[in-house]
Amino acid sequence: MSRYLLDKFLYTVDRDPDLVERYREDPAGTVAWWERERAGQLLNCLVSERTTWLAFTDEERDALVRQDHVALFQLGAHPFLTLTLFIAMFERDHGPLEYQKAYGRAMQHLSLPYPDIAT
Amino acid sequence: MATVAAVVASTHHPFYYRASTSTGDERPPFADAWVAKVEAFRETLTRAEPDVLVMVGSDHFHQLWLDNMPQFLVGKAPFFDANWYNEEREFGLPRMVLKGEEALAAHILREGLDAGFDLAFSNELRIDHSITCPIITLRPQADLPIVPVYTNIFAPPLPQPRRFVELGRTLRRLVESWPVDKRVAIIGTGHLSLELGGPRQFGEHGPDPEFDRRAVDWIASGDVEGCLAEVTLDSLHAPGNATHGFMDFMLMMGVAGDGAKADHVDTLDLFHTMEAYFTWYPEGVPA
């Protein structure tokens, strides 16, 4: 379980317009590149100070590659991060609030208690 | 000594800016009613004639992150740049620059530490819509210096609800002990029931109207202990997965004081969430 790293992926992609487009167009390539080049990069630190031990599990990597927001929710990714990034990538393909409502409908089989999001 | 000219609490719906400025077919059907309520709410601050705004909000994973997350943080800087790329992208919010009130920030930090709150601080804080939305609704000319206070309401582990109330009570005392003859308004924004990124999001109204009704009653009547008796970190999951933002309302109840009835109470039942607006005048209602 690498919940922190899942959130770190969503957070760092969401705040960078180029990465948002890159992840939309090439999810598998972006996830592989990010895990190789960016996963260990400490925010606000030189690259040489990078963390050496962070990695996704196969299940987490697969959920990110499939851009599967239901799976990410079930893995405990922070739902605010997943929502805001996925709105950025997919709202443009839908009418007003259509994407957001479909996003919720895809999770209708889930009920309280929701997965733990603590990192 | 400084005077607390007004205590103001509200939600911070990021769609207000776009809804209130849109025209023609783009203007949503609820915009005019929303604008009317906000303008009445704005007047409650204008009448208080504040010189300084202490503003309680919560960073939405913009600058504060899981590698180094403060529970309570005070911004101490001469200026604050505001709003982020993903807020422009999603809500159409404008970039802003707000002036800071460093002397009051320094006073809150020094005295707050001595009062038992290990407050974090930032000398370079870019603020987000939790603080710019109340500027847009309450003081759109953005002409007053601010002291931003950020709370952690969505990166567990969170402080307990009682801790938010206690910080509010302390914040009130700290402002009142600031040895400067200025009128300070303390403004905070939070949530009623709210779901983000879950199955109950973006419904016809907030995910739990019954919680909203009770929450508005607690706030409007200043029923701090009644609220604390029923609200826990665990219970706040039930009305919606982002309802922990209600603790910022609880902080503002602490600022207003036990049993303090709000002088202005208004709500608007929108899709997604209920908007709620409260103002207290500790010195009496301005003439």
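Protein chains in written order, with my numbering: chain G, 1 to 119; chain C, 1001 to 1287.
All residues carry an ideal CB built from backbone N, CA and C; glycine is no exception.
Compute the Euclidean distance between the alpha carbons of residue i and residue j, then round it to the nearest angstrom.
{"i": "C:G1259", "j": "C:L1174", "result": "20 Å"}
{"i": "C:D1223", "j": "G:H78", "result": "32 Å"}
{"i": "C:P1157", "j": "C:D1234", "result": "11 Å"}
{"i": "C:W1280", "j": "C:T1011", "result": "16 Å"}
{"i": "C:S1022", "j": "C:P1094", "result": "14 Å"}
{"i": "C:V1066", "j": "G:T119", "result": "It should be pointed out that residue 1066 of chain C corresponds to Leu in this sequence rather than to Val. Approximately 8 Å between the Cα atoms of the pair."}
{"i": "C:V1180", "j": "C:V1052", "result": "11 Å"}
{"i": "C:P1134", "j": "C:G1024", "result": "25 Å"}
{"i": "C:F1121", "j": "G:P113", "result": "34 Å"}
{"i": "G:L85", "j": "G:L10", "result": "7 Å"}
{"i": "C:G1197", "j": "G:G104", "result": "7 Å"}
{"i": "C:P1028", "j": "C:A1019", "result": "6 Å"}
{"i": "C:E1088", "j": "C:V1056", "result": "21 Å"}
{"i": "C:A1105", "j": "C:N1123", "result": "10 Å"}
Judging by CA-CA distance, which residue of the options is the nearest neighbour of residue i?
{"i": "C:R1139", "options": "C:T1023, C:T1046, C:D1234, C:K1037", "result": "C:T1046"}
{"i": "G:P17", "options": "C:Q1063, C:R1042, C:W1084", "result": "C:W1084"}
{"i": "C:P1282", "options": "C:D1032, C:V1007, C:L1270", "result": "C:V1007"}
{"i": "C:F1030", "options": "C:Q1071, C:G1203, C:Y1016, C:W1218", "result": "C:Y1016"}
{"i": "C:A1103", "options": "C:N1068, C:S1177, C:I1135, C:G1254", "result": "C:S1177"}
{"i": "C:F1080", "options": "C:P1014, C:L1064, C:K1099, C:G1190", "result": "C:K1099"}
{"i": "C:V1097", "options": "C:G1112, C:R1126, C:A1120, C:E1111", "result": "C:R1126"}
{"i": "C:T1132", "options": "C:V1054, C:I1153, C:R1172, C:P1161", "result": "C:V1054"}
{"i": "G:Y23", "options": "G:A55, G:F90, G:Q74", "result": "G:F90"}
{"i": "C:G1284", "options": "C:A1262, C:G1092, C:D1212, C:W1034", "result": "C:A1262"}
Helix, strand or coil for residue i? Go by DSSP, reduced to three states.
{"i": "G:K8", "result": "helix"}
{"i": "C:V1180", "result": "coil"}
{"i": "C:L1093", "result": "coil"}
{"i": "C:S1010", "result": "strand"}
{"i": "C:I1186", "result": "strand"}
{"i": "C:F1079", "result": "strand"}
{"i": "C:A1019", "result": "helix"}
{"i": "C:F1202", "result": "coil"}
{"i": "G:A28", "result": "helix"}
{"i": "C:Y1150", "result": "strand"}
{"i": "C:V1231", "result": "coil"}
{"i": "C:A1142", "result": "coil"}
{"i": "G:I117", "result": "coil"}
Does the beta carbon of residue i fall short of 7 Å from some heavy atom of the ligand ADP?
{"i": "C:L1093", "result": "With respect to small molecules bound, the structure shown includes none, and the ligand ADP cannot be examined in it."}
> Any residues in the segment 80 to 101 of chain G with a beta carbon nearer than 7 Å to a beta carbon of chain C? Which ones, in chain order?
Replying inline: F80, L81, T82, L83, T84, I87, A88, L97, Q100, K101: these are the residues of the segment 80 to 101 of chain G whose beta carbon lies less than 7 Å from some beta carbon of chain C, given in chain order.
>> Output needed in chain order: residues of the segment 1232 to 1246 of chain C with a Cβ under 8 Å from some Cβ in chain G.
In response: Within the segment 1232 to 1246 of chain C, the qualifying residues are H1237, A1238, N1241, A1242.
> For the segment 51 to 94 of chain G, which segments carrying the alpha helix (DSSP H) assignment without a break, of at least 4 residues, lie completely within its bounds, in sequence order?
Replying inline: The segment 51 to 94 of chain G contains these whole alpha helix (DSSP H) runs: 58 to 65, 69 to 74, 79 to 90.
> Just by C-beta distance, which residues in the segment 1052 to 1080 of chain C are closer than 8 Å to chain G?
Replying inline: If the cut-off is 8 Å between Cβ atoms, the segment 1052 to 1080 of chain C has H1060, F1061, H1062, W1065, L1066, D1067 near chain G.
> Which runs of the alpha helix (DSSP H) spanning at least 4 residues fall entirely within the segment 1237 to 1272 of chain C, listed in chain order?
Replying inline: The DSSP assignment places 1246 to 1256 as complete runs of the alpha helix (DSSP H) inside the segment 1237 to 1272 of chain C, in order along the chain (cut-off: 4 residues).
>> Closer than 8 Å between beta carbons: that is the criterion. Which residues of the segment 49 to 76 of chain G meet it against chain C?
In response: Within the segment 49 to 76 of chain G, the residues whose Cβ lies closer than 8 Å to some Cβ of chain C are H69, F73, listed in chain order.
> Of the residues that make up the segment 1082 to 1103 of chain C, which ones have a beta carbon closer than 8 Å to any beta carbon in chain G?
Replying inline: W1084, Y1085, N1086, R1089, E1090: these are the residues of the segment 1082 to 1103 of chain C whose beta carbon lies less than 8 Å from some beta carbon of chain G, given in chain order.
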